[in-house]
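Below: the structure, in structure tokens.
2 protein chains.
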Amino acid sequence: MRIQMADGGDASALIATRILGLDPGLRITGFGLIDMQGNRLRYVASGCIRGADGAASALPIRLKTLFDGVREVIDRYHPDLAAVEKVFVSVNPQSTLLLGQARGAVICGAVSSDLPVSEYTALQVKQAVVGHGKAAKEQVQHMVMRLLDLPAAPQADAADALACAICHAHGSTGLGALAGSGHGRRGGRMLMR
Amino acid sequence: MRIQMADGGDASALIATRILGLDPGLRITGFGLIDMQGNRLRYVASGCIRGADGAASALPIRLKTLFDGVREVIDRYHPDLAAVEKVFVSVNPQSTLLLGQARGAVICGAVSSDLPVSEYTALQVKQAVVGHGKAAKEQVQHMVMRLLDLPAAPQADAADALACAICHAHGSTGLGALAGSGHGRRGGRMLMR
């Protein structure tokens, strides 16, 4: 729990929970932060952590980039908890192993900062933001844009991370499906109903 | 590089490299430390990091236990570098994913302490300590005991970790296969020849 002070927020000291969504990948890890205050969600920041040295670097270096990147995001935005998307098991065992290692590094970035970590499957995330589990990436991006009242759709990995954060908020507030049942604005803020 | 000061070592300030070997697993991660000084190897410590809460705990908690355990070993023994065994890709994709995540956590424990990390396949490790890649676990344990002049065989995961450290030392010194070509002692210390 923290005092909501970010730009565009309420000036009064309203208690909000800041959720860090993470979509782990060895090449690109998406992150997205939202503030949840009651049943209101507010966009804070989002982006991608990229392995600076590309795929040519040794695995430990790439894992360090991910770990350090997550720590940097946490140090900068001080989330209260993290929601991490469960990764798909690939048909290629080597890819699955690589993805697992990336996910281990990303989760360690969060738990080493003493953040509680919740996990959500892609199905849960899609159901929370789009209303069904078979949604395409573009639909997720579109709904994240609408739900968080953004001027444009976020980059795909950042959108997945924001969607994961929204999924956690959804579970926390017990609001039921955010999308599908409609959503709207009241008093200039996004309201889930 | 560090000054060799551990118990049983030379009283004179001899420069040694301390290698941390790691054998990652989600349930048990073996660790083993050896000092390499020229072509001499000396046992420092070994053991296992176990998920304190067992398999029932949530994955992020288990990864934190691994990460913290590796950091604790590093803080205690101050190795100069780490050598990590490459894990087998299982036929079960879910097991591969879990193992990958454990490996990611273990490597992050090392790289977050700014240790350089080298990786070795089980084949390389077995070849280095037993002389061929098809060695059984018991053979690895036996050869680690002999090569490091231990009074008894270490526990299997600790032995694998020590074997990985020996494999790194072997590559660093360019000694060729440690086992198979024989090994012996001179002046009360293990000497690889």
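Quick mapping for you: the protein sequence lines, in order, are chains A and B. Just add 228 to the spot in the first sequence (first one is 1) and you have our numbering. Just add 228 to the spot in the second sequence (first one is 1) and you have our numbering. Where is the CB? At the ideal position from N, CA and C, for every residue including glycine.
Discussion item. Quick check on A/T324 - is its C-beta less than 8 Å from some C-beta in chain B?
Written reply: yes
Practice prompt. Report yes or no: is there a C-beta of chain A within less than 8 Å of the C-beta of B/C336?
Written response: yes
Item to complete: Could you spell out the range, first to last residue, of the beta strand (DSSP E) harbouring A/R278?
Response: 268–278
Worksheet item: Straight-line CA distance for A/R331 to B/G332?
Response: 7 Å
Worksheet item: So the beta strand (DSSP E) A/G258 belongs to, where does it begin and stop?
Response: 256–265
Worksheet item: Given that A/A330 touches chain B, what residues does it touch there, using C-beta distances under 7 Å?
Response: G332
Practice prompt. For B/V345, name the three-state secondary structure that DSSP assigns.
Written response: strand
Discussion item. Please list the terminal residues of the continuous alpha helix (DSSP H) segment that includes A/L294.
Written reply: 287–305
Item to complete: Measure from the alpha carbon of B/R278 to the alpha carbon of each residue in B/R270, B/D303, B/V334, B/N267, then state which is nearest.
Response: B/V334
Worksheet item: Can you list, in chain order, the residues of its chain whose CB lies under 6 Å from that of A/F316, leaving out five sequence neighbours each side?
Response: none
Discussion item. Tell me the residue span of the beta strand (DSSP E) that contains A/V358.
Written reply: Where A/V358 is concerned, there is no enclosing beta strand (DSSP E), given that its DSSP letter is neither H nor E.
Worksheet item: Hey, out of A/I262, A/A364, A/I256, whose CA is closest to A/L378's CA?
Response: A/I262
Worksheet item: Can you list, in chain order, the residues of its chain whose CB lies under 6 Å from that of B/T257, leaving out five sequence neighbours each side?
Response: I277, L294, V334
Item to complete: With a 10 Å radius around its C-beta and 16 neighbouring C-beta atoms as the bar for buried, classify A/V353 as buried or exposed.
Response: buried
Worksheet item: Any idea what DSSP makes of A/R246, helix, strand or coil?
Response: strand
Worksheet item: With 8 Å set as the bound, which would you pick, yes or no: does the beta-carbon of A/E347 sit closer than that to a beta-carbon of chain B?
Response: yes
Discussion item. Just to confirm, is the Cβ distance from B/A386 to B/G297 under 8 Å?
Written reply: no
Discussion item. Buried or exposed for A/A380, going by 16 or more other Cβ atoms inside 10 Å?
Written reply: exposed
Item to complete: Give the DSSP-derived three-state secondary structure of A/A311 in the structure shown.
Response: strand
Worksheet item: Which residues bound the alpha helix (DSSP H) around B/A330?
Response: 321–339
Practice prompt. Please confirm whether B/G249 and B/C392 have their CB atoms less than 8 Å apart.
Written response: yes
Discussion item. Our contact map puts B/G479 next to A/L326 with C-beta atoms below 8 Å; I'd like the distance itself, whole angstroms only.
Written reply: Residue 479 of chain B falls outside the range modelled here, since chain B spans only 229 to 421, and no answer is possible.
Fill in: With 16 other Cβ atoms within 10 Å as the buried cut-off, status of A/P344
exposed
Worksheet item: Just how far apart, CA to CA, sit A/R304 and B/A286?
Response: 27 Å
Worksheet item: Per DSSP, what kind of secondary structure is A/D388 in: helix, strand or coil?
Response: helix
Discussion item. Strictly under 8 Å for the Cβ-Cβ distance: is A/S340 near chain B by that measure?
Written reply: yes
Item to complete: At 9 Å on the CB atoms, spell out the chain B contacts of A/F259, in chain order.
Response: In chain order: nothing, as chain B lies at least about 16 Å away.
Discussion item. Residues in the same chain with beta-carbon distance under 7 Å from B/Q369, minus the five sequence neighbours each way, listed in chain order, please.
Written reply: A381, P382, A384, A387
Worksheet item: Which residues in chain B sit within 7 Å of A/L291, going by Cβ to Cβ distance?
Response: G332, I335, C336, V339
Practice prompt. Under 8 Å by Cβ, that's how I've got A/P307 and A/I247 pegged, so tell me the actual separation to the nearest angstrom.
Written response: 6 Å
Worksheet entry | Residue environment, A/A364, which counts as buried when at least 16 other CB atoms sit within 10 Å | exposed
Practice prompt. Compare the beta carbon distance of A/L351 and A/G260 with 8 Å and say whether it is the shorter of the two.
Written response: no
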